[in-house]
Amino acid sequence: MMLCHGTRIGETRQARWSHISLAEREWFIPAENTKTGVEHHLPLTDQVRSLLISYRDIQWATGYSGQFLFPSRSGKALSEGQASAVFTRLGQGEWTSHDLRKVARTGWADIGIDHLIGELLINHAMGHNVKVYIQSDVMSRKRDALEKWHAHLDSKGLNLIQTLTGFRSGDFGNGLQATEHKSCDPIQESTIGEV
Numbered sequence: 001m002m003l004c005h006g007t008r009i010g011e012t013r014q015a016r017w018s019h020i021s022l023a024e025r026e027w028f029i030p031a032e033n034t035k036t037g038v039e040h041h042l043p044l045t046d047q048v049r050s051l052l053i054s055y056r057d058i059q060w061a062t063g064y065s066g067q068f069l070f071p072s073r074s075g076k077a078l079s080e081g082q083a084s085a086v087f088t089r090l091g092q093g094e095w096t097s098h099d100l101r102k103v104a105r106t107g108w109a110d111i112g113i114d115h116l117i118g119e120l121l122i123n124h125a126m127g128h129n130v131k132v133y134i135q136s137d138v139m140s141r142k143r144d145a146l147e148k149w150h151a152h153l154d155s156k157g158l159n160l161i162q163t164l165t166g167f168r169s170g171d172f173g174n175g176l177q178a179t180e181h182k183s184c185d186p187i188q189e190s191t192i193g194e195v
């Protein structure tokens with residue numbers, strides 16, 4: 001989610017399934033979860049939507065039906081320390097969670113995403129005048145940008161994630177174990193974000 005959207009670790013670790021609308025193809029981040037104190041809306045591309053459906057199916061298959069995308073063992077959102085520890089382990093000291101954000105922002109520039117759209121995607125604080133003068137369909141432009149970015153990521157191997165089975169519970173801090181060849185009923189589009 002962080003690489004795909006350039007989100008901050010705090011925005012991501014506190015994500016709830018009720019913030020995700022698969023039907024509307026949108027991730028809503030409440031103002032209280034953002035550094036800027038302003039709510040943030042991000043489009044979900046087909047790639048991310050598919051990953052979320054698979055991830056939720058894994059959660060259900062392993063007995064988790066809670067509200068958080070990234071739960072701790074207690075069922076609450078991962079704490080800041082737990083989330084940072086995940087990246088310390090994954091990055092092996094070579095990179096941090098913030099580096100994913102930098103990769104996304106740099107990548108957007110490299111593939112020609114408009115600077116203003118990049119700033120809106122990354123949710124940097126914007127001056128009042130900038131917001132007043134933006135009269136176009138920003139969500140549509142953000143969606144186009146993310147579709148271009150995710151196609152680029154797919155060309156670099158992101159699409160291979162869909163072919164992987166299971167996951168390592170130690171990386172998520174929630175103790176869930178993938179169950180081989182077992183699954184729950186697939187997610188219905190209207191069940192997430194509409195409750």
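For the sequence shown, the residue numbers in our numbering are 1 to 195. Cβ coordinates follow ideal geometry from the N, Cα and C atoms, glycine included.
Does the distance from the C-beta atom of residue 17 to that of residue 67 stay below 7 Å? The answer is yes: Cβ separation under 7 Å.
6 Å Cβ shell around residue 12 - same chain, five flanking residues per side excluded: 1 and 2
Evaluate residue 142 with the Cβ neighbour count: other Cβ atoms within 10 Å of its Cβ, from every protein chain shown; 16 or more gives buried, anything less gives exposed. buried
Taking the beta strand (DSSP E) that residue 41 falls in, what are its first and last residues? Run containing residue 41: 40-43, per the beta strand (DSSP E) assignment.
Does DSSP put residue 89 in a helix, in a strand, or in coil? helix
Using 7 Å as the threshold, is the C-beta distance between residue 6 and residue 101 below it? yes
Secondary structure of residue 16, DSSP reduced to three states: Strand.
Simplified DSSP state of residue 27, which is helix, strand or coil: strand
Can you give the beta carbon distance from residue 150 to residue 47, rounded, assuming they're within the 8 Å contact cut? 5 Å
Which residue from 56, 119 and 32 puts its Cα closest to that of residue 20? Closest option to residue 20, Cα to Cα, is 56.
CB contact check: residue 6 to chain C, cutoff 7 Å: The chain inventory of the structure shown lacks chain C, comprising one protein chain alone.
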